Amino acid sequence: MLISLNFNGISKMKWQALFETRERLFWTLHTLGWGGFAVIYYIGSFLHDMRSVWLFVIILNAYAGWLLTIPLRYIFARAMKLSPLKMLMVVLASVYIIALMWALVKNVNYWEIYKKGYRPEEWYMYFTNTVNSLIMIGCWTGLYFGIKNYQMLLKEKQNSLRASTMAHQAHIKMLRYQLNPHFLFNTLNAISTLILMKENKTAESMVSRLSDFLRYSLDKDPIKKVPLRQEIEALTLYLAIEKVRFEDRLTVIWDVQQTANEALVPSLILQPLIENSIKYAISKLEDGGCIAISAKVFGRDLMLEVTDNGPGADIQDGQMYRENGVGLQNIQERLGSLYKDDFSFSISNSQPSGIKVCIRIPFET
Numbered sequence: 001m002l003i004s005l006n007f008n009g010i011s012k013m014k015w016q017a018l019f020e021t022r023e024r025l026f027w028t029l030h031t032l033g034w035g036g037f038a039v040i041y042y043i044g045s046f047l048h049d050m051r052s053v054w055l056f057v058i059i060l061n062a063y064a065g066w067l068l069t070i071p072l073r074y075i076f077a078r079a080m081k082l083s084p085l086k087m088l089m090v091v092l093a094s095v096y097i098i099a100l101m102w103a104l105v106k107n108v109n110y111w112e113i114y115k116k117g118y119r120p121e122e123w124y125m126y127f128t129n130t131v132n133s134l135i136m137i138g139c140w141t142g143l144y145f146g147i148k149n150y151q152m153l154l155k156e157k158q159n160s161l162r163a164s165t166m167a168h169q170a171h172i173k174m175l176r177y178q179l180n181p182h183f184l185f186n187t188l189n190a191i192s193t194l195i196l197m198k199e200n201k202t203a204e205s206m207v208s209r210l211s212d213f214l215r216y217s218l219d220k221d222p223i224k225k226v227p228l229r230q231e232i233e234a235l236t237l238y239l240a241i242e243k244v245r246f247e248d249r250l251t252v253i254w255d256v257q258q259t260a261n262e263a264l265v266p267s268l269i270l271q272p273l274i275e276n277s278i279k280y281a282i283s284k285l286e287d288g289g290c291i292a293i294s295a296k297v298f299g300r301d302l303m304l305e306v307t308d309n310g311p312g313a314d315i316q317d318g319q320m321y322r323e324n325g326v327g328l329q330n331i332q333e334r335l336g337s338l339y340k341d342d343f344s345f346s347i348s349n350s351q352p353s354g355i356k357v358c359i360r361i362p363f364e365t
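The UniProt record's numbering applies: residue 1 is where the sequence shown begins, and numbers increase by one.
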């Protein structure tokens with residue numbers, strides 16, 4: 001209920017801000033447009049050597065145009081909800097009526113002020129130059145609909161981008177959370193084995209560490225990146241779980257450059273690589289093995305490496321695929337979603353044995 005109220009409040013604030021922005025935009029452009037008309041009209045009067053009182057007439061005419069075209073905004077807003085033919089008829093009729101009224105006001109100003117009360121011989125003379133007024137009001141109408149359509153297109157584009165962003169974020173979240181059940185299954189299977197073997201104390205220690213690791217995993221937003229030092233803390237929790245299983249058979253070597261500690265990386269991007277090394281390297285060696293984790297900054301790039309001394313694997317073109325494996329493909333998809341083409345991900349056999357995985361991403365802090 002509270003969340004719903006907060007959401008409605010935020011939405012209301014956004015719509016209010018949008019409404020205020022559009023209102024401000026209309027009045028600004030409306031005033032500047034008629035102000036520009038007055039300035040151009042005044043400059044044009046120099047060609048005819050008009051008297052100084054003509055400036056007052058121009059100001060009155062511009063003000064009349066400013067005032068008379070305001071109702072058009074509300075008429076057009078309603079007309080846009082009609083069918084195209086009806087809308088066209090309403091727009092044309094409104095433009096003609098306003099142009100006629102403006103022409104009448106301009107002629108009255110001309111005769112009464114500039115001509116000092118001189119009356120034309122025929123009444124219809126008050127409606128002369130209607131074509132000029134019609135052109136001016138038509139230009140105002142064209143600009144109004146042009147700006148309105150541009151705003152509508154911009155809104156549609158923003159909605160499309162918002163939908164695309166939401167889908168993109170949902171994809172990243174799916175990829176990140178896909179790893180949780182995969183890792184959880186392996187760990188719970190190990191705990192189950194420990195319980196069957198009556199190693200309850202070891203199992204209890206493993207459950208405690210698993211709880212800490214999962215808390216970190218769930219607390220971190222999959223969309224946001226985290227400093228590498230936080231990622232290392234999470235990996236330390238994960239490796240502590242594996243240490244319970246392998247004890248002295250698992251050795252971990254860290255080589256993290258000081259400047260790399262604050263680099264932003266996708267959360268839990270290295271965990272699947274370490275999990276693979278443990279599953280396919282450490283667990284295969286009777287005497288255990290070693291995992292080396294390296295992080296260094298080179299120019300504008302951050303280089304991450306995970307190396308093990310296991311039996312290696314069949315690697316082709318820097319890629320390796322395992323049956324039923326999701327970790328490596330998941331990492332590539334996440335990196336592609338976050339960095340587009342500005343990253344690299346490669347796998348190679350290390351010397352004298354084992355596998356080395358290299359990741360290059362932009363260095364961000």
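Idealized CB from N, CA, C, for every residue including glycine.
Keep in mind the model is a prediction, meaning the values are calculated, not measured.
Counted as a single uninterrupted DSSP element, the beta strand (DSSP E) harbouring Gly289 occupies residues 289 to 298. Taking the C-beta atoms as reference points, Ile113 is found nearer than 8 Å to Val57. Excluding the 5 residues flanking it on each side, Ala281 has same chain C-beta neighbours closer than 8 Å at Gly289, Ile291, Asp308, Asn309, Gly310, Pro311, Gly354, Ile355, in chain order. In this structure, the alpha-carbon of His30 lies about 14 Å from that of Gly138. Rounded to whole angstroms, the separation of the alpha carbons of Leu235 and Ser337 is 23 Å. Judged by DSSP secondary structure, Ser344 falls within the beta strand (DSSP E) whose first and last residues are 344 to 349.
For Gly36, the closest of Thr21, Ala62, Leu55, Phe26 by C-alpha to C-alpha distance is Ala62. By the criterion of a C-beta distance shorter than 6 Å, Leu304 is surrounded in its chain by Ala295, Ile359, once the five residues flanking it on both sides are discounted. Here Trp27 is exposed, its C-beta having fewer than 16 other C-beta atoms within 10 Å. By the C-beta density criterion, Trp254 is exposed, having fewer than 16 other C-beta atoms within 10 angstroms.
Annotation: Val244 to Lys155 spans about 56 Å, alpha carbon to alpha carbon. Distances from the alpha-carbon of Asn107 to those of Tyr96, Val95, Ser133 put Ser133 closest. Met303 has Lys296, Arg360 as its beta-bridge partners, per DSSP. By the criterion of a C-beta distance shorter than 6 Å, Ile75 is surrounded in its chain by Ser94, once the five residues flanking it on both sides are discounted. A direct Cα-Cα distance of roughly 10 Å separates Leu228 from Leu268. If you compare the alpha carbons of Leu25, Leu32, Leu55, Asn189 with that of Ile147, the shortest gap goes to Leu25. Pairing Asn276 with Glu204, the inter-Cα distance amounts to about 24 Å. Partner residues in a beta bridge of Thr141, as assigned by DSSP, do not exist. Where Trp66 is concerned, the enclosing alpha helix (DSSP H) starts and stops at 53 to 68. Assignment of beta-bridge partners to Val265 by DSSP yields Val226.
For Ala260, the closest of Phe246, Ile293, Glu247 by C-alpha to C-alpha distance is Ile293. For Trp254, the enclosing beta strand (DSSP E) starts and ends at 250 to 256.
An exposed status is given to Leu92, since fewer than 16 other beta-carbon atoms sit within 10 Å of its beta-carbon.
Annotated as distal: Asn109 and Leu68, with beta-carbon spacing of 8 Å or more.
DSSP, read as helix, strand or coil, puts Asp212 in helix. Under DSSP, the beta-bridge partners assigned to Asp308 are Ile291.
Residue range 271 to 280 is occupied by the alpha helix (DSSP H) that includes Glu275.
For Ser283 and Ile191, the gap between their C-alpha atoms comes out near 16 Å. Asp301 places its beta carbon less than 8 Å from that of Pro362.
Beta-bridge partners assigned by DSSP to Ile355: Asn349. Taken atom to atom, the span from the alpha-carbon of Ser350 to that of Ile232 is near 23 Å. Here Arg22 is exposed, its C-beta having fewer than 16 other C-beta atoms within 10 Å.
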